[in-house]
Every structure is written in C-alpha cells, then in structure tokens.
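There are 2 protein chains.
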Amino acid sequence: MTEQAPTLLDVAREAGVSAATASRALNGSTRTVSAEKLNLVLQAAARLGYAPNLSAQATARGSTKTVALIVHDIADPYFSSIAAGIVDGAEAAGLTVTMAVTGRSPDRELEIVSILRGHRPHAIVLAGSRIGDDQEALADELSAYRAAGGRVAVVSQPGLPYGTVTIDNRRGADELADALVAHGYRRFAILRGPDVLHTSRDRAEGFTAGLARAGLEPVETVEAEFTEDGGHAAMSGLLDRGRGEVELVFAVNDVMAIGAMRALRDAGLVPGRDLAIAGFDDIPAAVDVDPALTTVAVPMRKMGRRAIELALAETEEPELVRLPTSVVLRGSTPRR
Amino acid sequence: MTEQAPTLLDVAREAGVSAATASRALNGSTRTVSAEKLNLVLQAAARLGYAPNLSAQATARGSTKTVALIVHDIADPYFSSIAAGIVDGAEAAGLTVTMAVTGRSPDRELEIVSILRGHRPHAIVLAGSRIGDDQEALADELSAYRAAGGRVAVVSQPGLPYGTVTIDNRRGADELADALVAHGYRRFAILRGPDVLHTSRDRAEGFTAGLARAGLEPVETVEAEFTEDGGHAAMSGLLDRGRGEVELVFAVNDVMAIGAMRALRDAGLVPGRDLAIAGFDDIPAAVDVDPALTTVAVPMRKMGRRAIELALAETEEPELVRLPTSVVLRGSTPRR
DNA sequence: GTGAAAGCGCTAACAT
DNA sequence: ATGTTAGCGCTTTCAC
Chain E
1 MTEQAPTLLD VAREAGVSAA TASRALNGST RTVSAEKLNL VLQAAARLGY
51 APNLSAQATA RGSTKTVALI VHDIADPYFS SIAAGIVDGA EAAGLTVTMA
101 VTGRSPDREL EIVSILRGHR PHAIVLAGSR IGDDQEALAD ELSAYRAAGG
151 RVAVVSQPGL PYGTVTIDNR RGADELADAL VAHGYRRFAI LRGPDVLHTS
201 RDRAEGFTAG LARAGLEPVE TVEAEFTEDG GHAAMSGLLD RGRGEVELVF
251 AVNDVMAIGA MRALRDAGLV PGRDLAIAGF DDIPAAVDVD PALTTVAVPM
301 RKMGRRAIEL ALAETEEPEL VRLPTSVVLR GSTPRR
Chain S
1 MTEQAPTLLD VAREAGVSAA TASRALNGST RTVSAEKLNL VLQAAARLGY
51 APNLSAQATA RGSTKTVALI VHDIADPYFS SIAAGIVDGA EAAGLTVTMA
101 VTGRSPDREL EIVSILRGHR PHAIVLAGSR IGDDQEALAD ELSAYRAAGG
151 RVAVVSQPGL PYGTVTIDNR RGADELADAL VAHGYRRFAI LRGPDVLHTS
201 RDRAEGFTAG LARAGLEPVE TVEAEFTEDG GHAAMSGLLD RGRGEVELVF
251 AVNDVMAIGA MRALRDAGLV PGRDLAIAGF DDIPAAVDVD PALTTVAVPM
301 RKMGRRAIEL ALAETEEPEL VRLPTSVVLR GSTPRR
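Here it is as structure tokens:
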C-alpha cells in the first residue's frame, strides 16, 4: 500500500495553518508561534505520525545534525570503546552518529571519506591510527571538506592538521618498560604490529627506549598482524623457534597480548609463570584473562568524548590533546 | 575562509554543460551521455573536488542509501559482532550505516526510532533483545515507517511483525544442559538477567527444561544485570552466601559468565576445578579466558549479514530466520 | 544526447 | 504572530 510519509504540508493542512507556521512550531524557535496554533500543529503532527524529513531539512538549512565516524574494525574492543565515547558525546550534543568501517584498507578509507563528505556531516571523526605515511589523497579529501566548513577530529594519530586527541604511546611504553625492569625482568621480546602503523612503531620504540635507560635491549622483535590472531601466530612462532632466554613478551596492544597468552596455553605453558606478558590499551578483556594482563591503560572512552568536543569547538588552531596513560601491573608479570 | 562546497552547477558550468547532463554523467545511468561530455564532466568534478550532496539527492529522489542500526551498547562484544556483520552486508549493498545506541532504555529507543525515521533510511535494523513486552509505542513508530515504504529487520528478538533473524535460545540452552549432564554434572545454579529480557528468560527456561528431562532441577537461580559486572556481583553474592552443593553455574550470556569467573578468582577459587562455568554466545573472549569458556555458539556476525538481506528482500510476509547454534564444550566444564 | 523547467520537503527572509 | 515567496542542490519529466 505504501502511502507516502506525511510531509510538513500535510501537517499544516491538517492543522489549518501555513507550512511556515507548522515549520516554526515543529522545528523552529518555538517562541514565535501562538500557544493555540502550536497545539493545533503538534496534535496534527501526532495524529499523522509525522517525522520531519531530515534530508530536506539539511538541504534547506545547508547543514546536518550528524557526525560521521570512521573506524577500522568495529568488532575490535579498542575501537568499539572509542566509538562508545563518541556516541556519548554526540548524543549529548544532539547529533546522530553515522559510522563507516575501513577494514584497515587505505583505499577504502579514502573512498569512505569521499562518500561521507557527501553526507555533509557536521563533523568527521577518524578513529585509530592511519595506515602509512602516504596520506596525500586522504589529506586532500579532508581539506576539501574542511574548506567547505566541515569539522574534523582525529583520534589516536597525531600529524594531521586537525584537532587531535591522542596519548603518548612512546612514553606509555617507556614507563611500562621501567616498571617491568623494576620488577626484576631483564630479557624482553617485543611483539609488534606492521611497521606502517604509527601506534605500533611508537610503542615499540618507547619500550626499547625505556629498556635502554636501564642498559638493556630487546632480545628479539617479532612482527605480526595487529590482531589477536596475529599475536597468537607470532607467539606460536616464537615458541617453535625456541624462546631461548626471553622472560617477558611485550605486545604492542592487548588484543595481540591476549592472542599470545592463548598461544602460550595452547603450548602447555602458563602465562605469567613460564613466560610473562604485557600489553597496551587496557581493554575490558584485560582483567578477564587469567592471569590478568599487565598493560598501559588508555582512556579510550574519554578519548572518544574528547574528540567530539574538539570537533565541535570553534577554534582556528588545531588543538592537540594528549590524555595521560598509566601503567597497570597485574598477574601476567609477577615480580621476579 | 570557508568557501562553499562545489555544487553540481559549479561542475556543469566548469564543464560547459547543463546541470542535467552533469547529473546524468555523475550519478545517473551513464549510458545516456556522450563519451566526450562524460569526460568533460568527470574531469571538472575531479578538478573541483566535487562530492554530491547526498541530502539533496535524497530529497530529490525521495530515498536514501543508508541503513540505520539500533543497538543497546556498542562496546558490548555481542552487539559489536552483530554490528560488524551488518556493516559488511550494508557495504556489499552499497549502503552507509548510521548507528544509534539506546543504552537499554526503552524510552531512548523509542525516541531514536523517531529521529531515525526522519533520516528516511532505506532500512532500520534493530539489534538485541527488546526490553519488556510493552512495545506498543515502538510498534506504532515502526509501522508508520513501514507504511511509508521503509524496511525493517530485527535481530535477536522474535515477536515483531518484521523480518527477523534469531536463534533458538531455549533449544540452545536445552542442548547445553544435556551436554553438561552427560559430562556428569548434577547440581546447577543459573545466573540469569532481568526477567523482562526475552533472551534471558528463554535461555534460563531452556536450560531448566533440559535438566528436567534428566529428572533434575536447578539448585538455585540468581538474577543480575545482563553485564559483566552483573555476573561478577551475582557470583560474589552466591559465594558469600555459601555456594553449597552447586557444581556448575550457567550464566545466560558469556559476558556474565566471564564476570562470574573473575569473581571466582577474586575469591581465590579456580574456575573449572572448584566450580564449573558455562555461558552462552561464544563471544571472541570466550577462548581468551582461562580455562576457556564452555558456551553455546551463536553466529553473531552472520546474523547481522542475514538481517540486512532480510531487510532488503522484497517480501510481503515477514520472514523468520532461525540460525543454528552449537554447544561448545571447553575447559571451564571438565568431565566429572 | 542534451537542455529547460518543474518539483522533492523544508527553511528563511520578507511582508503584513 | 502568521502567510507568501524564494530558494537549498539535486533529479527527472518533457521537449527538441
């Protein structure tokens, strides 16, 4: 049967007023319409089940009430926590969140930004570290959006000329190394992600720098995918080759660390006792594994919230917000 | 400085053609415009960094290329897995996903559906079991949307007159009970969620039914929040009161089960050895905990994909798809 | 194949 | 306070 959705004109007609009045009553600044007609319109709208056509509203006004969020993988707890913060913040500002997923493909990301731009969102938020340094095309796309009055915020990856909320990955990893050395560890392996990921690189380097201050260096470095399976595979490989003298494995994120713990157990070893493990992020699952995972706590949800604030703020200068991290020592790295 | 974003007219002018031709070249059915002008337009568009205004397109066409997704909590692995499937499916169909989060509040959910309806999405997908039976207002809102030609699909909760993809919660729990009895367990406690959640109720009842066939009944039933903290609190409570003769605790979802395991460890007990635990869903973390969690596998990602297909399918009759579950026995329920 | 013109549902001057 | 009238950027008849 599919009748059309009722339009503003239907409501106006039903209420016996002009479209303009109906518009003012329903969406405008309320104050300019008499209580009487206001009621008439409201009731007519309710009777008809009217919902304003946001697209039409957007074309007419030239702006939308949405913020577009770009993440790499929504099922990844790191991103979904950030997303949760963003949704919170957006909701507080009366904005709807639209979301797109890149699957970590730079091409796809570029395409997505282009499509999203078409939605003319109030703001675009990029979450998660970009891939590689070759971001010219992306930067162009974003600056076109920016030039047209759009707002951009970036979570996690500094270096883009927009409001950015991030953490100090180097420092966090450095402090972790410190704490671990203080716990008596001396022989470390690093499980890092693909080198093109800034996050991975910074954390690995920070950790190495921390060790260096104690006159140490990593016994071994293994590269793997930035996922749980990546961590599992890398740890399995390490064990196959013989882990030698390694006492502790630092994985550059918790997801990888948890994958590594699983590999350890699969090999009949006990994480923490036979080999210590540390991660980075403090995702919710970090306290669910046994032993609980030593890690660097990243305030993911707060980062999301802050990103929205940055995007919405009317500043000329791109602001860089660095949220503090903290080392959290847990059972996966017992004192030696 | 904020120049305006280039419009179709700008492109047309730049290419020396009419707006109509530009429109046809950029978005229409390609075939009706000469190769020559097509190129002209394409180049002009590229030069200007043109991105079509999707809102204007939507008002003109009367339809959008978006699907709206409503979830309770995006940080919950259950929902984010479903969301991932939906994003996959939508992407395959060339649709953008917009997302809103209810925080499990029925009022908020109603409000969201109303707002979303204003976006005139191609389809609305509701993910996660609804709260309570009092869904009249929600049903009204949805049927207004439906009447205007919108498509609706529901994940997880049967009972709404729309295409639905779900699992047989009763049966899954029933089979789990069977398997656990076969493993030698006799004394069970059930950790259930709020009774208003169908999912929780069905799983608890199915489990009880399974036990009944073996001439057993649950020793105890504890109600808690449907979250990890809820599971933790409930288990702590159970331990405080003395768990008596209970051999195995069945939590109606993995998140609660994992919370319960954590409570167990907090109390100095070893999950699996001192007290067996089983959950439901098979979220990714189920294999990360130690011992790995016995559970009922739910194909969450596939459910999301299937939901999009249902929503997009042109069927009159609301279809009900029940995806199969399977019992997965792991270390948290060793054979007795 | 291409352009002119009307219209999508709404908002925002501009009148009154 | 309310109605009239232009648009917003795009698509889509309808002629040529």
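Chains E and S, in that order, are what the protein sequence lines are.
Take 1 as the starting number for the first sequence in the UniProt record's numbering and just add one per residue.
Take 1 as the starting number for the second sequence in the UniProt record's numbering and just add one per residue.
C-beta atoms are modelled at their ideal positions from N, C-alpha and C, and glycine is treated no differently.
All values derive from a computational prediction rather than experimental measurement.
(message) Quick check: the Cα distance between Ala234 of chain S and Pro299 of chain E, rounded to an integer number of angstroms?
(response) 27 Å
(message) Restricting to Cα atoms, I'd like to know which of S:Ala60, S:Gly28 and S:Ala22 is closest to Leu42 of chain S.
(response) S:Ala22
(request) Measure how close the beta-carbons of Val252 of chain S and Leu191 of chain S come, nearest whole angstrom, since I'm counting them as under 8 Å. (result) 7 Å
(request) Indicate whether at least one CB of chain S lies closer than 9 Å to the CB of Tyr145 of chain E. (result) yes
(request) Note down, in chain order, each residue of its chain lying with its Cβ closer than 7 Å to the Cβ of Gln4 of chain S, except the 5 sequence neighbours on either side. (result) none
(message) Between Arg117 of chain E and chain S, is any beta-carbon pair separated by less than 9 Å?
(response) yes
(request) With DSSP collapsed to three states, give me the class of Leu329 of chain E. (result) coil
(request) Since I believe Gly89 of chain E is in contact with Lys65 of chain E (beta carbons under 8 Å), could you give me their beta-carbon distance rounded to a whole number of angstroms? (result) So it is not a contact: roughly 14 Å between Cβ atoms.
(message) Whole angstroms are fine: how far does the CA of Asp254 of chain E sit from the CA of Arg335 of chain E?
(response) 20 Å
(message) Output needed in chain order: residues of the region 141–172 of chain S with a Cβ under 7 Å from some Cβ in chain E.
(response) Ala144, Ala147, Ala148 and Gly149
(request) Consult DSSP for Met1 of chain E and reduce its assignment to one of helix, strand or coil. (result) Any answer about Met1 of chain E is weak, because its pLDDT of 49 lies below 50 and its placement is not dependable; what the coordinates show is given next. Of the three classes helix, strand and coil, the one that applies to Met1 of chain E here is coil, per DSSP.
(request) Output the boundary residues of the beta strand (DSSP E) element that contains Leu216 of chain E. (result) Run containing Leu216 of chain E: none; DSSP gives neither H nor E here.
(request) Please list the partners that Ile70 of chain E has in chain S, where partner means a Cβ-to-Cβ separation under 8 Å. (result) Those within 8 Å of Ile70 of chain E in chain S number zero; the least Cβ separation is about 11 Å.
(message) Could you compute how far the alpha carbon of Asp229 of chain E sits from the alpha carbon of Gly237 of chain E?
(response) 12 Å
(request) Measuring only between beta-carbons, confirm whether Lys81 of chain S sits less than 9 Å from chain E. (result) In the sequence under discussion, the amino acid at residue 81 of chain S is Ser, which differs from the Lys named in the question. At least one chain E Cβ lies under 9 Å of Ser81 of chain S.
(message) Going by DSSP, what residue range makes up the alpha helix (DSSP H) through Leu116 of chain E?
(response) Pro106 to Gly118
(message) Is Ala260 of chain E close to the ligand SAM? I mean its beta-carbon at under 8 Å from any heavy atom of the ligand.
(response) With respect to the ligand SAM, the structure offers nothing, as it holds no ligand at all.
(request) Closer than 9 Å, Cβ to Cβ, to anything on chain E: give me those residues from the region 278–293 of chain S, in chain order. (result) Pro284, Ala285, Val287, Asp288, Val289, Asp290, Pro291 and Ala292
(request) Indicate whether the contact test is met: 3 or more Cβ pairs, each with one atom in the region 205–213 of chain S and one in the region 261–274 of chain S, closer than 8 Å. (result) no
(message) Check whether the region 116–127 of chain S and the region 301–314 of chain S are in contact - that is, three or more C-beta pairs closer than 8 Å.
(response) yes
(request) Determine the DSSP secondary structure at Leu323 of chain S, reduced to helix, strand or coil. (result) strand
(request) Verify whether the separation of the beta carbon atoms of Asp274 of chain S and Val289 of chain E is less than 9 Å. (result) no
(request) Alpha carbon to alpha carbon, how far is Leu248 of chain S from Tyr185 of chain S? Give it in angstroms, no decimals. (result) 7 Å
(message) I'd like to know whether the C-beta atoms of Leu33 of chain E and Ala44 of chain E end up nearer to each other than 9 Å.
(response) Note that residue 33 of chain E is Val in the sequence shown, not Leu. Taking 9 Å as the Cβ cut-off, Val33 of chain E and Ala44 of chain E do not qualify as a contacting pair.
(message) So Thr96 of chain E contacts chain S; which residues on that side make the cut at Cβ distance below 8 Å?
(response) Thr98, Ala100, Ile115, Leu116 and His119
(request) Round the Cβ separation of Asp140 of chain E and Arg104 of chain E to the nearest angstrom and send it over; I've been treating them as touching at under 8 Å. (result) Not confirmed; about 21 Å, so no contact.
(message) Can you give me the C-alpha to C-alpha distance between Ala179 of chain E and Glu217 of chain E, rounded to a whole angstrom?
(response) 15 Å
(message) Just to confirm the assignment, what range does the beta strand (DSSP E) spanning Thr98 of chain E have?
(response) Thr96 to Val101
(request) For chain E, find out if any of its Cβ atoms is closer than 9 Å to the Cβ of Ser55 of chain S; answer yes or no. (result) yes
(message) Using CA atoms only, rank isn't needed, just tell me which of S:Glu317, S:Leu8, S:Leu110 and S:Arg322 is closest to Leu142 of chain S.
(response) S:Leu110
(message) If we require 4 or more residues per run, which alpha helix (DSSP H) segments fall completely within the region 171–230 of chain S?
(response) 198–213
(request) Kindly indicate the opening and closing residues of the alpha helix (DSSP H) around Arg13 of chain S. (result) Leu8 to Ala15
(request) In angstroms with no decimal places, state the Cα-to-Cα distance between Arg322 of chain S and Tyr78 of chain S. (result) 17 Å
(request) Report the partner residues of Ala276 of chain S according to the DSSP bridge assignment. (result) S:Leu248
(message) Does the CB of residue 338 of chain S have a neighbour CB from chain E at under 9 Å?
(response) With chain S running from 1 to 336 in the structure shown, residue 338 of chain S is simply not present.
(message) For a contact defined as C-beta to C-beta under 8 Å, what are the partners of Pro52 of chain S on chain E?
(response) Gly118
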